[in-house]
Amino acid sequence: MFTPLTTFENLFDELGRVDQGLDDWFGRWSVPAGIRSVARGTFPATNVGATDKEVHVYLFAPGLDAKKLQVSIQQNLLQVSGERSVQHNERATYFRQERYDGAFRRVITLPEDVDPDKVEAAYRDGVLQISVRRREAARPRRIEIK
Amino acid sequence: MSDQVTPRPANKPATERSGENREGRDTTQSFLRPPVDIFEDADGITLHLDMPGVARDRVKIDADRQTLSIEGAIQIPMAEGMEAIYAEVHSTQYRRSFTLSGELDTERVDASLNDGVLTVRIPRRAELRPRKIEVRAG
Chain A
1 MFTPLTTFEN LFDELGRVDQ GLDDWFGRWS VPAGIRSVAR GTFPATNVGA
51 TDKEVHVYLF APGLDAKKLQ VSIQQNLLQV SGERSVQHNE RATYFRQERY
101 DGAFRRVITL PEDVDPDKVE AAYRDGVLQI SVRRREAARP RRIEIK
Chain B
1001 MSDQVTPRPA NKPATERSGE NREGRDTTQS FLRPPVDIFE DADGITLHLD
1051 MPGVARDRVK IDADRQTLSI EGAIQIPMAE GMEAIYAEVH STQYRRSFTL
1101 SGELDTERVD ASLNDGVLTV RIPRRAELRP RKIEVRAG
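Below you can see the structure in the form of structure tokens.
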């Protein structure tokens, strides 16, 4: 009756509904979200990882026009904007159009000890990786007691 | 939802929640469902799938008469000892399948990958393409 394929697709749809439900639930209880946070599923999906020396930001943004990509940083706010244009085939019948098409902008708040002068970005296999060096930990200052 | 977090530091073992059954297959891995555009024209069906982070040698496409299955493994080189701070992508494996219909020629599937976008083209069997029929003056 149900092929494994059908069940698999339904499972992810259900998870999507659960996610939406959780968002609504938290919305009702007014749990504060980050002021620059974005809705679930905003393009491009982003992961952030850190070592002692660097913070790494990964934006999962396939099919980008690298010429239209803009990466800028101010203090610890990283901003990435660009455009992903999906070519549309006029003569064809479309059954699904799920891929994001259009301009995007993400602002990511990084740990406060990042050094905005030491940023590197690379785009490979549809992932934009941005690495920012962290400042050396400040030495503790002795405070004189008068 | 799985709490498996990506990126994973290179020196950490695979997620603690990974289970293995007797055959040694991972049973608790969660998958990413790549968004897809699918369209059809007179010559066949084309799919565009977003699979950022996947290189050409990590794509697996299986096509038999009934099913088209697509898998892709994300591999991003990562620094040692990296901790995850924020993750919207929770898995490293893309997977999606479609049932096909008989007029598609699965022997001649064509696939290409560019900047994380996988394009799959399945032509219609030549003898089943819609043919224009000329009307003779009679």
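Protein chains in written order, with my numbering: chain A, 1 to 146; chain B, 1001 to 1138. Ideal Cβ positions, reconstructed from N, Cα and C, are used throughout, including at glycine.
Next item on the list: Reducing DSSP to helix, strand and coil, say where Thr93(A) ends up.
Entry: strand
Next item on the list: Taking 9 Å as the cut-off, decide whether the C-beta atoms of Leu1100(B) and Thr1067(B) are in contact.
Entry: yes
Notebook entry, point to check: Whose Cβ in chain A lies nearer than 8 Å to the Cβ of Glu1071(B)?
Noted result: Going along chain A, no residue has its Cβ under 8 Å from Glu1071(B), so there is no contact; the nearest lies around 12 Å.
Check: Curious, which full-length beta strand (DSSP E) runs of at least 3 residues does the segment 102 to 134 of chain A contain?
Finding: 102 to 109, 114 to 124, 127 to 134
Notebook entry, point to check: Per DSSP, what kind of secondary structure is Thr1119(B) in: helix, strand or coil?
Noted result: strand
Note to self: Helix, strand or coil for Lys1060(B)? Go by DSSP, reduced to three states.
What the structure shows: strand
Margin query: Between which residues of its own chain and Ile108(A) is the CB-CB distance below 7 Å, once the five residues before and five after are set aside?
Written below: Thr46, Val48, Val57, Leu78
Check: Where Glu1023(B) and Gln1029(B) are concerned, what is the direct C-alpha to C-alpha distance, given to the nearest angstrom?
Finding: Its pLDDT being 45, under 50, Glu1023(B) is placed unreliably in this model, and the value from its coordinates should be taken loosely. Cα to Cα, the separation comes out at about 15 Å.
Checklist line | CB contact flag (Arg40(A), Glu1088(B), <9 Å) | finding: yes
Next item on the list: State the CB to CB distance for the pair Gly126(A) and Ala61(A), rounded to an integer number of angstroms; the pair is presumed to be in contact (CB under 8 Å).
Entry: 6 Å
Check: Can you list, in chain order, the residues of its chain whose CB lies under 6 Å from that of Ile73(A), leaving out five sequence neighbours each side?
Finding: Pro116, Val119
Next item on the list: Run down chain B in chain order and give the residues with a C-beta less than 7 Å from the C-beta of Gln60(A).
Entry: The question names Gln, yet the displayed sequence has Phe at residue 60(A). Those within 7 Å of Phe60(A) in chain B are Pro1052, Gly1053, Val1089.
Check: Which stretch, first to last residue, makes up the beta strand (DSSP E) that contains Phe60(A)?
Finding: 54 to 60
Note to self: For Tyr1094(B) and Val1054(B), which I take to be in contact (beta-carbon distance under 8 Å), what is that distance rounded to the nearest angstrom?
What the structure shows: 7 Å
Check: Taking the alpha-carbon positions, what's the Phe1098(B) to Pro1034(B) distance?
Finding: 12 Å
Next item on the list: Starting from Ile1070(B), trace the beta strand (DSSP E) both ways and give me its first and last residue.
Entry: 1067 to 1074
Notebook entry, point to check: Should Asp113(A) and Arg135(A) be called a contact, given that it needs their Cβ atoms to be closer than 9 Å?
Noted result: yes
Check: Buried or exposed: Ile130(A), going by 16 or more other Cβ atoms within 10 Å of its Cβ?
Finding: buried
Item checked: Assigned exposure category for Leu64(A) - 16 Cβ within 10 Å defines buried -> buried
Checklist line | Three-way DSSP call (helix, strand, coil) for Arg1108(B) in this model | finding: helix
Next item on the list: Check whether the Cβ atoms of Ala137(A) and Val71(A) lie closer than 9 Å to each other.
Entry: no
Next item on the list: Would you list, in chain order, the members of the segment 63 to 97 of chain A that have their beta-carbon closer than 7 Å to a beta-carbon of chain B?
Entry: Gly63, Leu64, Val86, Asn89, Arg91, Ala92, Thr93, Tyr94, Phe95, Arg96, Gln97
Next item on the list: Could you tell me which residues DSSP pairs with Tyr100(A) in its beta bridges?
Entry: Answer by DSSP bridge pairing: none, since Tyr100(A) is not bridged.
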